[in-house]
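Enquirer: Okay, handing you the structure first.
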């Protein structure tokens, strides 16, 4: 599933494309930043959310500038707030409480 998200960092809005891939025990978010951010974030970047994890996380060993790390932290927080159907939730629909 492809989902564009908009984040705000230091008063500037950025549109980021996210492709979601559901695996057996993880959800992988493939982040595709706009071309002008590829100096801060690699052109292809993955964020992983473990099925039992609270917060999506990324490999902090990847080449990120300080601004890139701030952008990824904002993206992770925004991904955490997505409704279950955009997190790859199993058998959950809008309005369902679990």
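Residue numbers (the UniProt record's numbering): 1 to 98.
The C-beta atom is built at its ideal place from N, Cα and C for all residues, glycine as well.
Let's see if you can read the secondary structure: which residues bound the alpha helix (DSSP H) around residue 21?
Expert: Unbroken run through residue 21 is the beta strand (DSSP E), 12-22; no alpha helix (DSSP H).
Enquirer: Rank 42, 22, 37, 38 by C-alpha distance to the C-alpha of residue 1 and give the top, closest one.
Expert: 22
Enquirer: So for residue 81, helix, strand or coil by DSSP?
Expert: coil
Enquirer: Would you kindly work out how many angstroms separate the C-alpha atoms of residue 45 and residue 80, rounded to a whole number?
Expert: 17 Å
Enquirer: I'd like to check one pair, residue 42 with residue 62: are the Cβ atoms closer than 8 Å?
Expert: yes
Enquirer: Since residue 105 is in the beta strand (DSSP E), which residue starts that stretch and which ends it?
Expert: Any question about residue 105 goes unanswered here, given that the chain covers just 1 to 98.
Enquirer: From the DSSP output, in three-state form, read off residue 60 for me.
Expert: Residue 60 falls in the coil class under three-state DSSP.
Enquirer: Let's see if you can read the secondary structure: which residues bound the beta strand (DSSP E) around residue 65?
Expert: From DSSP, residue 65 is part of no beta strand (DSSP E); its letter is neither H nor E.
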